[in-house]
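**Student:**
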């Protein structure tokens, strides 16, 4: 192998005075590359230099908002900048997702992605317009109802009553195509029920209308209904997961009571606009992973009925894409009504 200087000499560059300029250019390029690498490292160390916006596509008080606010304060402390929660409700979360997906891909905008959410309306997706950061939590949904005297007292009696008088029992969820809506339609299909779905823009308002008797039934995230059930203002008929919830230990699962094998849960994921530098994604992932281990965060999650659940960006993306596909296939095969 030839030495670079000898190679230049063999090419005749020494005779035309080009060795020095060539070496000078190479040295300058090397210095520039090193400077760029150092600058990128400094940028990563300095980031973030301004507050971070955490977009939530649902109103305050619901499952998505509750999970976000538990984490936002701790994340701000870890990153050295405040984290501002921005609620952008509507269109089954699409308004918030579009707001985040169109943001500058610098890591200063993150978004909560709850799921599964399946609609006919095109919305930003992880693996396309959004990039996964980490999973945050998982939890059950709950079939709930008003506590009116003439309402059935248990889920078996409820199903019998709905079959006998289907026009009387509408049900609500936090929006078309949301995990609650999908679970509700799956319940209807497997139990042979006929109920009209009334979508809301979030679980908190839906819960209030169940309490007031505006709507008799609902399938909602546990964080939206837990305080009302505990206060005796709402009846919990069954949870949608395979196991009972530690927050509602006396509430049976649908699987053990009326629909063997039924299992549906909702999950919450942090994402960023596609194109955010990987080192910033990894820093967010590491910070949230540590936050989810904190005793007060675990207690706060338990209080709203969900369990902390972290994962790498790659594993989170694989899970979300797979679960979305599973529910979309189910929706298509079952002709579930979507938005």
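Numbering (mature numbering (1 follows the signal peptide of the UniProt record, and there is no 0)), first residue to last: -40 to -1, 1 to 299. The beta-carbon is built from N, C-alpha and C at its ideal position, and this holds for glycine as well. These numbers come from a predicted model, not from an experiment.
Which residues does DSSP list as the beta-bridge partners of residue 157?
**Tutor:** 131
**Student:** So what's residue 119 in DSSP terms, helix, strand or just coil?
**Tutor:** helix
**Student:** Name the two residues that bound the continuous beta strand (DSSP E) containing residue 225.
**Tutor:** 225 to 233
**Student:** Helix, strand or coil for residue 8, going by three-state DSSP, please let me know.
**Tutor:** coil
**Student:** In the structure shown, what three-state DSSP assignment does residue 86 receive?
**Tutor:** strand
**Student:** Could you tell me the distance, in whole angstroms, from the CA atom of residue 98 to the CA atom of residue 207?
**Tutor:** 13 Å
**Student:** If I'm right that residue 226 touches residue 8 with Cβ under 8 Å, what's the distance once you round it to whole angstroms?
**Tutor:** Actually they do not touch by this definition, with Cβ atoms about 29 Å apart.
**Student:** Contact check, residue 273 vs residue 241 under 8 Å by CB: the rounded distance?
**Tutor:** Contact flag correct, Cβ pair sits at about 6 Å.
**Student:** Can residue 239 be considered in contact with the ligand MG, in the sense that its beta carbon sits closer than 7 Å to one or more heavy atoms?
**Tutor:** With respect to the ligand MG, the structure shown offers nothing to examine, as it has no ligands at all.
**Student:** What do you get for residue 64, buried or exposed, if any count of 16 or more other CB atoms within 10 angstroms of its CB means buried?
**Tutor:** exposed
**Student:** Starting from residue 151, trace the beta strand (DSSP E) both ways and give me its first and last residue.
**Tutor:** No beta strand (DSSP E) contains residue 151, which is instead part of the alpha helix (DSSP H) from 139 to 151.
**Student:** I'd like the list of long-range same chain contacts for residue 281, defined as Cβ closer than 7 Å, with 5 residues on each side in sequence excluded.
**Tutor:** Closer than 7 Å at Cβ, skipping near neighbours: 86 and 87.
**Student:** Return the bridge partner residues of residue 103 from the DSSP annotation.
**Tutor:** 179 and 198
**Student:** So for residue 58, helix, strand or coil by DSSP?
**Tutor:** helix
**Student:** Look at the Cβ atom of residue 69, then the Cβ atom of residue 45, and state whether they are nearer than 8 Å.
**Tutor:** no
**Student:** Have a look at residue 271 and residue 182 and give me their C-alpha separation to the nearest angstrom.
**Tutor:** 22 Å
**Student:** Just the C-alpha distance for residue 138 and residue 161, rounded to the nearest angstrom, thanks.
**Tutor:** Roughly 10 Å between the two C-alpha positions.
**Student:** Roughly how many angstroms separate the alpha carbons of residue 173 and residue 130, rounded to a whole number?
**Tutor:** When rounded, the separation of the alpha-carbon atoms in residue 173 and residue 130 is 11 Å.
**Student:** In this structure, what does DSSP give as the bridge partners for residue 209?
**Tutor:** In DSSP, residue 209 forms no bridge with anything.
**Student:** Along the alpha helix (DSSP H) that carries residue 27, what are the first and last residues, could you check?
**Tutor:** 23 to 39
**Student:** Assuming residue 195 and residue 101 form a contact by the criterion Cβ under 8 Å, report the distance between their Cβ atoms to the nearest whole angstrom.
**Tutor:** Contact doesn't hold; Cβ gap of about 15 Å is too wide.
**Student:** Restricting to Cα atoms, I'd like to know which of 197, 250 and 190 is closest to residue 117.
**Tutor:** Per the Cα distances, 197.
**Student:** Just to confirm the assignment, what range does the beta strand (DSSP E) spanning residue 74 have?
**Tutor:** 69 to 75
**Student:** Would you check if the distance between the CB atom of residue 252 and the CB atom of residue 230 is smaller than 8 Å?
**Tutor:** no
**Student:** I'd like to know whether the C-beta atoms of residue 47 and residue 25 end up nearer to each other than 8 Å.
**Tutor:** Going by C-beta atoms, residue 47 is nearer than 8 Å to residue 25.
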